[in-house]
Every structure is written in C-alpha cells, then in structure tokens.
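The sequence shown begins at 32 in this note's numbering and counts up by one.
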Amino acid sequence: MSETSTPSFGGRRSVPLNNSNALEDDLPTVELHGLVPRGVSLQDYLNVTNVHLFKERWDTNKVDHHTDKYDNNKLIVRRGQPFYIQIDFNRPYDPQRDFFRVEYVIGRYPQENKGTYIPVPLVSELQQGKWGAKVVMKEDRSIRLSVQPSPKCIVGKFRMYVAVWTPYGIIRTSRNPETDTYILFNPWCEDDAVYLDDEKEREEYVLNDIGVIFHGDFKAIKNRSWSYGQFEDGILDACLYVMDRAKMDLSGRGNPIKVSRVGSTMINSKDDEGVVVGSWDNIYAYGVPPSAWTGSVDILLEYQSTQNPVPYGQCWVFAGVFNTFLRCLGIPARVITNYFSAHDNDANLQTDIFLEEDGNVNTKLTKDSVWNYHCWNEAWMTRPDLPVGFGGWQAVDSTPQENSDGMYRCGPASVQAIKHGHVCFQFDAPFVFAEVNSDLVYITVKKDGTHVVETVDSTHTGKLIVTKQVGGDGIQDITDTYKFQEGQEEERLALETALMYGAKKPLNTDNALKPRSDVDMDFTVGNAVLGKDFKITITFQNNSSNRYTVSAYLSGNITFYTGVSKTEFKKETFDVTLEPLSFKEEEVLVRAGEYMGQLLDQASMHFFVTARVNQTKDVLAKQKSTTLTIPKVIIKTRGAKVIGLDMVVTVEFTNPLKETLKNVWIYLDGPGLMRPMKKMFREIQPNSTVQWEEVFRPWVSGPRKLMASMTSDTLRHVYGELDVEIQKRSV
32 MSETSTPSFG
42 GRRSVPLNNS
52 NALEDDLPTV
62 ELHGLVPRGV
72 SLQDYLNVTN
82 VHLFKERWDT
92 NKVDHHTDKY
102 DNNKLIVRRG
112 QPFYIQIDFN
122 RPYDPQRDFF
132 RVEYVIGRYP
142 QENKGTYIPV
152 PLVSELQQGK
162 WGAKVVMKED
172 RSIRLSVQPS
182 PKCIVGKFRM
192 YVAVWTPYGI
202 IRTSRNPETD
212 TYILFNPWCE
222 DDAVYLDDEK
232 EREEYVLNDI
242 GVIFHGDFKA
252 IKNRSWSYGQ
262 FEDGILDACL
272 YVMDRAKMDL
282 SGRGNPIKVS
292 RVGSTMINSK
302 DDEGVVVGSW
312 DNIYAYGVPP
322 SAWTGSVDIL
332 LEYQSTQNPV
342 PYGQCWVFAG
352 VFNTFLRCLG
362 IPARVITNYF
372 SAHDNDANLQ
382 TDIFLEEDGN
392 VNTKLTKDSV
402 WNYHCWNEAW
412 MTRPDLPVGF
422 GGWQAVDSTP
432 QENSDGMYRC
442 GPASVQAIKH
452 GHVCFQFDAP
462 FVFAEVNSDL
472 VYITVKKDGT
482 HVVETVDSTH
492 TGKLIVTKQV
502 GGDGIQDITD
512 TYKFQEGQEE
522 ERLALETALM
532 YGAKKPLNTD
542 NALKPRSDVD
552 MDFTVGNAVL
562 GKDFKITITF
572 QNNSSNRYTV
582 SAYLSGNITF
592 YTGVSKTEFK
602 KETFDVTLEP
612 LSFKEEEVLV
622 RAGEYMGQLL
632 DQASMHFFVT
642 ARVNQTKDVL
652 AKQKSTTLTI
662 PKVIIKTRGA
672 KVIGLDMVVT
682 VEFTNPLKET
692 LKNVWIYLDG
702 PGLMRPMKKM
712 FREIQPNSTV
722 QWEEVFRPWV
732 SGPRKLMASM
742 TSDTLRHVYG
752 ELDVEIQKRS
762 V
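And the structure:
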C-alpha cells in the first residue's frame with residue numbers, strides 16, 4: 032500500500048492557523064452555481080465600476096473617527112461607529128431587483144464564525160452593536176452607504192470587496208489595495224471594551240503623541256518628554272506587524288486584554304525576538320544606549336524593516352514603545368513611574384534584605400531588590416473575565432523581569448484589585464502588588480544558620496506613583512489608586528488579603544520581630560551635583576534615659592537604577608556616643624574623585640547605613656538612593672513658527688567635567704516638526720561647547736516639542752527640550 036502525504040487529524044477538522052494580518056488570499060471574482068446559459072452575459076447585471084472611501088484627512092470619516100492625525104492614505108476608522116463609502120455602478124441601482132453586499136476580509140484563511148470574513152448585511156436601519164450597511168443616498172449610478180462595524184470586531188487591516196448577486200452566482204470586485212480599511216479600538220463608543228467617558232482623558236490617553244516620562248529619585252524627580260509618534264508614517268503597520276510576529280491569532284485581536292498581554296510579551300525581545308533588546312550592563316557597543324532614544328518611531332520602524340530586535344532599552348524605553356503600540360491601536364494608555372519599586376524575586380510578597388551579624392548586606396542570600404524607580408504602563412479596558420468593579424486601568428509591563436505563563440510579560444492586572452489585595456485575579460497581580468506595597472524586611476543571618484528579623488520598613492516601597500497630568504506636562508500623583516495610605520487599617524488589611532491569596536511561602540525566620548530599639552537612626556544626602564563634593568548627614572536619637580555607644584558603617588555604591596550595585600566606592604566606619612535623651616549628627620564627606628571614574632548611565636548612587644547599639648545588640652539599618660544632577664542640552668530656535676515655513680534649530684552642549692568626552696552622539700527629535708536626526712562629535716574638551724544647527728519645516732500646528740539627548744563613552748542621560756507653538760498658515 033503506497034503512503035500518501037495527506038496528514039491525518041484523528042477525526043478533527045483542521046483549519047490552518049490564521050495569525051498574520053499581512054498574509055492574504057484573494058476572494059474569487061466570480062462564484063458560479065453552475066454553467067451560465069449561452070447568450071447570457073454576467074456584465075448585463077449590476078456591476079461595480081468604482082468605490083470611494085472618503086479617506087482624506089479632512090473627510091468626515093477620518094475627522095469623526097478621530098483618525099485624521101494618522102499619516103496614512105488608507106481609510107482608518109474605529110469600530111462600533113458608522114462611516115461612509117460610495118459605490119458607483121454601471122447603471123442606476125434598483126433595490127427591487129439588484130442585490131449586493133460589502134464584505135470585509137482579514138488574513139489568509141477567512142471564516143465567518145471567526146470574524147475574519149464579514150459579509151455586511153444591507154439593512155433599513157443600523158442596529159447598535161452589529162455590523163450593517165444602510166443606503167443613505169442614491170444619485171444617478173451611485174449610492175452612498177453608512178457602514179457600521181461591530182464594537183467587538185477584530186482590530187487590524189481589512190480588505191474590502193463588493194459582491195453582487197446574479198441568478199447564476201456572485202460577481203465580486205477584484206482585490207484593490209486602495210480600498211483597504213484599518214479598523215481600530217474605539218474609546219468614543221460606549222459598546223467598545225475600551226470606552227473612556229471623559230473627552231479630555233481621550234485627548235490625552237489616545238490622541239496625544241508626545242508624553243512625559245518621570246525618572247530620577249523620589250526626592251529629586253526628573254522628567255523627559257517622549258515622542259510616542261503613534262500617527263507617524265508606517266507606525267500603524269509596524270504595530271500590526273508586532274502582533275503578526277507574535278503569531279497572535281487574528282480572532283483574538285478584538286480583545287484588548289489579549290492584545291495588551293501580547294504587547295507586554297512582544298515589546299521586549301527576551302524569548303520571542305520582540306521589539307527592544309534590554310540591557311542593564313552599561314555596555315552598548317552594538318546599539319543605541321537606552322538614554323539616547325527620544326521616542327518610539329525609529330525603534331518600531333527599524334524593528335519592522337530589519338525584522339530584528341533593536342538594541343537597547345531599559346524600563347522607560349519599553350514603557351514608551353508599549354504606550355505607542357497601545358495608543359496607535361486605540362487603547363487608552365499612559366506611562367506610570369513607581370519610585371522605590373520592589374522586585375520580588377521569590378514571590379513571597381515582601382522584600383527580604385539579609386544582613387551579616389556585623390550589619391553588612393549578605394549579597395548571596397539577598398535576591399530581592401528595590402529599583403530607584405520603575406516605569407510600566409496602564410491600559411484602560413473592561414474586564415469581563417473578572418468580578419464587577421475590576422475594570423478600568425490595568426497595569427501592563429513589558430520590561431522583562433519575571434516569567435509569566437512561560438514568557439517574560441506582566442499584566443494586564445487590575446489596579447483596583449491590586450489596591451485591595453485581591454491578587455488571585457489574573458494576570459500577575461501578586462508581582463505588581465509587591466512592587467508597590469511589599470514590606471522591606473531586614474533579616475540577620477546568624478553564624479549558626481538561624482534568621483532573626485531585625486526591623487520591618489513598611490513605608491519604603493511604592494513611595495510615590497506618578498503619571499503625566501491630563502492636558503499638561505506636570506506630575507499627577509496616583510499613589511492612592513494602587514494602595515491605601517501607609518498606616519491605615521485598610522492598607523494592612525490589603526496586605527493581609529494579598530498574603531492570603533498570593534504568598535507562595537511563609538517567611539523563613541526562627542524568631543519573631545525584635546522589639547523596637549531605644550535608638551532611632553536616619554540620614555540625608557546633600558545636594559549632589561556631577562563632578563562636585565557633597566555631604567551625607569547621619570542623625571541618631573536616643574529616646575531612653577540610658578547612655579549608649581553605637582558602632583556605625585556607611586557604604587556608598589554606584590548602582591544601576593534597578594538597585595543592583597556595580598561597585599562600592601565609599602566605605603566609612605565611625606563610633607557615636609549618645610547621652611540619655613539626646614540627639615547627635617555625624618557628617619561624611621563624599622569627594623568627586625571617589626565616584627567620577629565609575630559612574631553608570633543615570634549617575635545613580637545608593638547609600639546603606641547600618642549601626643549596632645553595643646549595649647543592646649540592636650541593629651539599625653537604612654538605605655537611600657540619590658541621583659547626581661547632570662548638565663542639560665540647550666535647544667534654541669529662530670524663524671517664523673508657521674506650518675510649511677523654514678525654521679532653524681540650534682543644539683548646544685557644554686562639557687562641565689575635567690575630562691574630555693569621547694564618541695559623543697547627539698540625538699534630535701521633534702514630532703510634527705522634523706524627522707529624528709543624530710550627529711557625532713569625536714570629542715568635547717573640558718569646559719568647551721559644541722553646537723549643531725539644522726533647518727526644518729513644521730507640518731503640524733499647535734503645541735509641539737523639540738527634544739535632544741546626548742550620549743558619550745563616559746557621560747549619558749544628558750537631555751534637553753524646548754516647547755514650540757506652531758501657527759497655522761494664513762491663507
């Protein structure tokens with residue numbers, strides 16, 4: 032018996048995977064029931080001669096659907112909302128004897144039950160929530176239709192056909208790329224899962240193409256603008272390509288929960304060849320340093336054109352690109368910054384800092400870390416998969432930190448569920464809860480192997496959670512959306528609820544928490560400017576009537592902003608005598624020469640002070656981070672600030688250091704003003720200034736921004752920006 036190549040599916044019908052928006056098969060132009068009788072010509076029946084989609088920027092379709100900003104000459108509409116098309120026939124249309132319908136198709140193996148083949152019924156009245164087409168005008172040989180997509184339909188690029196019925200079968204228009212139609216999520220439609228009822232918030236979270244990302248330190252917040260560029264030429268196709276690259280089934284692309292989870296997976300390159308390569312080792316020889324990027328456009332376009340991950344990114348780059356992806360597809364989104372963000376490595380919902388008996392950190396046992404700050408995203412959507420009340424903002428994070436269901440991704444996790452400690456609901460709520468609300472637990476590891484909890488700091492993590500304010504560049508504090516106020520009964524209750532639902536293992540300590548010490552310790556870091564000396568002031572308060580002596584140890588480390596230490600550059604021990612009920616200060620001087628040769632990207636430092644009260648053996652521990660103040664890039668413009676007229680931009684940077692900067696790149700970007708550019712300077716001598724001038728011609732009116740970043744071998748994260756108001760051209 033000869034073998035055949037026909038695969039066996041064991042009694043199942045096999046339908047090929049339909050997971051690419053780019054792949055397509057044409058529908059047949061003629062589908063006949065049988066032979067056409069001699070003498071009958073199908074051309075005698077109604078034939079389509081042309082289709083008009085009203086797809087110019089100023090046309091009603093794009094203006095009403097809020098898609099007029101897209102630099103794309105195809106029709107772009109939002110689901111659940113009618114749009115207009117016009118069909119020209121070879122003769123006047125007679126509804127009594129002529130039958131036709133519009134069809135939308137996506138992918139290579141369209142099926143009606145999967146939503147990838149949509150025959151749109153002709154109806155007398157459009158029904159809310161359903162596909163339909165209504166004739167709204169008849170004129171000579173043309174008719175105008177109002178077409179309404181379902182508010183649940185797939186989001187992507189559809190091919191459009193018009194099919195006409197004859198007694199012998201169907202005649203269909205040929206494949207015409209000019210009639211391709213993009214359908215997006217619709218935050219303006221009440222039936223859409225991403226509906227947002229506040230117009231100002233829709234303007235901000237869907238239509239604003241320039242954002243602000245906060246970084247730095249909780250007591251010295253820094254900000255940088257980011258060009259999301261979701262309307263720029265090629266970006267919509269690049270975002271659809273991201274889903275294609277993930278091999279995401281087309282039938283799931285109408286669900287914002289699935290789309291945001293796939294985006295969380297694909298924006299980082301870990302385990303799936305996604306968009307951005309993460310790097311935290313301060314070596315960026317084969318790509319762009321994370322601090323040099325000014326926006327998402329170059330990254331997404333390079334990813335699509337090369338089909339390779341783009342080096343390099345860190346959390347704010349992942350968040351910026353992810354925000355572009357979400358807003359471009361129509362999902363309301365914003366970038367969040369959490370100051371003192373815990374990375375709970377062992378999933379016990381607390382951050383464990385293990386100490387040696389002398390007070391030093393045990394680096395082998397301490398696997399958890401606290402990032403100076405961490406950026407992620409929130410996406411707005413309903414959550415029909417969760418109990419009522421957990422819709423709205425969902426935390427989604429594309430920075431690869433921990434594995435979730437076999438891949439590096441995080442979310443969507445309901446922010447409301449996180450606040451109340453309901454971490455049992457998908458996706459990844461325990462991890463996000465720990466980032467903002469875990470206790471910092473200091474544990475001494477005794478020589479006999481026992482563990483003793485020395486102190487618990489319940490206020491360190493999630494110190495401040497912020498996003499850009501609606502309609503402005505200022506800070507909006509959203510800490511209370513993630514957690515109750517520290518010390519409130521509700522806050523402890525939320526933590527207990529989370530531990531009940533989410534803790535995988537109890538804390539392995541042999542002793543209960545020690546009683547509070549008679550001595551309090553704290554410290555402050557003085558104003559720290561790059562290249563200058565600064566002071567650290569340690570304070571001790573003796574609250575008892577006893578006299579104590581204290582042995583203290585200060586450790587200064589150059590750190591990555593993730594809280595991971597690169598090198599210890601400062602080590603100082605000192606003894607303090609505390610009289611009863613007294614207060615004492617100690618100052619430690621940090622010299623520029625001690626840290627300058629070892630700085631990392633963001634000039635971050637971490638100081639750890641531990642002290643032992645000799646008489647009681649109590650251990651006191653405090654840790655703080657600081658970011659050095661870095662010089663800025665200066666941007667100036669001259670010329671008429673009018674659409675279509677030439678302007679000149681000057682970028683200027685002065686080297687404030689005592690050393691020569693080498694291999695200096697300056698990046699310049701201005702969405703709606705100019706395309707991203709870059710220029711290299713071999714070196715910049717100490718205290719010398721470089722200038723770079725470019726001519727540009729704005730094409731978008733209103734408030735715009737110019738952004739510049741500078742990166743070199745030894746100094747990075749140098750940044751500057753300028754607000755520019757562009758006027759429309761008077762006729």
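Even for Gly, the Cβ is constructed at its ideal location relative to N, Cα and C.
These figures come from a predicted structure and were not determined experimentally.
Cutoff 6 Å; reference residue i; Cβ partners in own chain excluding five residues on either side
| i | result |
| --- | --- |
| residue 618 | 566 and 568 |
| residue 121 | 78 and 80 |
| residue 265 | 332 |
| residue 463 | 426, 444 and 449 |
Exposure of residue i, with buried meaning 16 or more beta-carbon neighbours within 10 Å
| i | result |
| --- | --- |
| residue 50 | buried |
| residue 89 | exposed |
| residue 529 | buried |
| residue 730 | exposed |
| residue 46 | exposed |
| residue 711 | exposed |
| residue 38 | Residue confidence is low: residue 38 scores 44 on pLDDT, short of 50, so the model does not pin down where it sits. Its coordinate-derived value is still stated next. Exposed, by the Cβ-count rule. |
| residue 738 | buried |
| residue 558 | exposed |
| residue 297 | buried |
| residue 521 | exposed |
| residue 317 | exposed |
| residue 694 | exposed |
| residue 284 | buried |
| residue 327 | buried |
Simplified DSSP state of residue i, which is helix, strand or coil
| i | result |
| --- | --- |
| residue 27 | What the structure shows of the chain is the stretch from 32 to 762, and residue 27 is not part of that stretch, so it cannot be assessed. |
| residue 266 | helix |
| residue 336 | helix |
| residue 531 | helix |
| residue 240 | coil |
| residue 469 | coil |
| residue 569 | strand |
| residue 68 | coil |
| residue 300 | coil |
| residue 321 | helix |
| residue 647 | coil |
| residue 674 | coil |
Through-space distance from residue j to residue i, alpha-carbon basis
| i | j | result |
| --- | --- | --- |
| residue 129 | residue 364 | 46 Å |
| residue 207 | residue 139 | 16 Å |
| residue 412 | residue 423 | 5 Å |
| residue 176 | residue 238 | 28 Å |
| residue 755 | residue 732 | 10 Å |
| residue 241 | residue 258 | 5 Å |
| residue 671 | residue 678 | 6 Å |
| residue 209 | residue 269 | 19 Å |
| residue 531 | residue 468 | 15 Å |
| residue 485 | residue 645 | 15 Å |
| residue 713 | residue 742 | 12 Å |
| residue 367 | residue 499 | 8 Å |
Bounding residues of the alpha helix (DSSP H) (the contiguous stretch that carries residue i)
| i | result |
| --- | --- |
| residue 511 | 510-513 |
| residue 291 | 287-297 |
| residue 394 | Careful: residue 394 lies outside any alpha helix (DSSP H) and carries neither H nor E. |
| residue 94 | 91-95 |
| residue 360 | 346-360 |
| residue 446 | 446-450 |
| residue 398 | Per DSSP, residue 398 belongs to no alpha helix (DSSP H) and is neither H nor E. |
| residue 626 | 623-626 |
Continuous beta strand (DSSP E) stretch holding residue i: start and end
| i | result |
| --- | --- |
| residue 189 | 187-197 |
| residue 751 | 749-757 |
| residue 699 | 692-701 |
| residue 494 | Looking at the DSSP string, residue 494 is not in any beta strand (DSSP E), and its letter there is neither H nor E. |
Other residues of its chain near residue i: CB distance less than 7 Å, five sequence neighbours each side excluded
| i | result |
| --- | --- |
| residue 605 | 583 and 617 |
| residue 393 | 385, 386, 387 and 476 |
Same chain only: Cβ atoms within 8 Å of residue i, ignoring 5 sequence neighbours per side
| i | result |
| --- | --- |
| residue 576 | 611 and 612 |
| residue 540 | Per-residue confidence for residue 540 stands at a pLDDT of 45, beneath the threshold of 50, marking its modelled position as unreliable; the derived number appears in the next sentence. So the list reads 474, 482, 483 and 484, once near-sequence residues are dropped. |
Any chain B beta carbon closer than 8 Å to residue i
| i | result |
| --- | --- |
| residue 113 | Considering every chain present, this structure includes no chain B. It has just one protein chain. |
Proximity test, residue i beta-carbon vs the ligand PLP heavy atom, cut-off 7 Å
| i | result |
| --- | --- |
| residue 54 | Only the bare structure without any ligand can be found here, which leaves the ligand PLP out of the picture. |
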